[in-house]
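Okay, structure first, notes after.
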C-alpha cells in the first residue's frame, strides 16, 4: 500500500486567513459526556498551508496531513468544499 493513502484527512471551517499562505481550520465534534450523557461541542484547531491564498473565513474545507512545513503547520489544503455565504 502506498504511503499517501494513509494520511489523515479532516473537514472543518476556516476560522482565520490573516497569515500569508496559511489558514486556521477549526474542526467541531459533538461528543457525549461520559457521565452526564449531554452532548458537548469540542473544537480542535489546525494550521494548514494554503498555497494560493484562496480561502476566506467561513469556508468549509478538506485538509490533509503532510510533512512539517513550519513549527505549527503540518496540514495542507486539499479542496474547498463550500464557500462562505
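Numbering (the numbering used here), first residue to last: 227 to 311. Built from N, CA and C at the ideal position, the CB exists for glycine as well. Everything numeric in this text was worked out from a predicted model, so none of it was measured.
When the Cα atoms are used, residue 231 and residue 291 turn out to be separated by approximately 11 Å. In the DSSP assignment, residue 290 falls within the unbroken beta strand (DSSP E) covering 286-291.
Taking the Cβ atoms as the reference, residue 303 lies roughly 6 Å from residue 287, within the contact range of under 8 Å.
DSSP, reduced to helix, strand and coil, places residue 241 within a strand of the structure shown. For residue 298, the secondary structure class from DSSP, reduced to helix, strand or coil, is coil.
Where residue 262 is concerned, there is no enclosing beta strand (DSSP E), because DSSP gives it neither an H nor an E.
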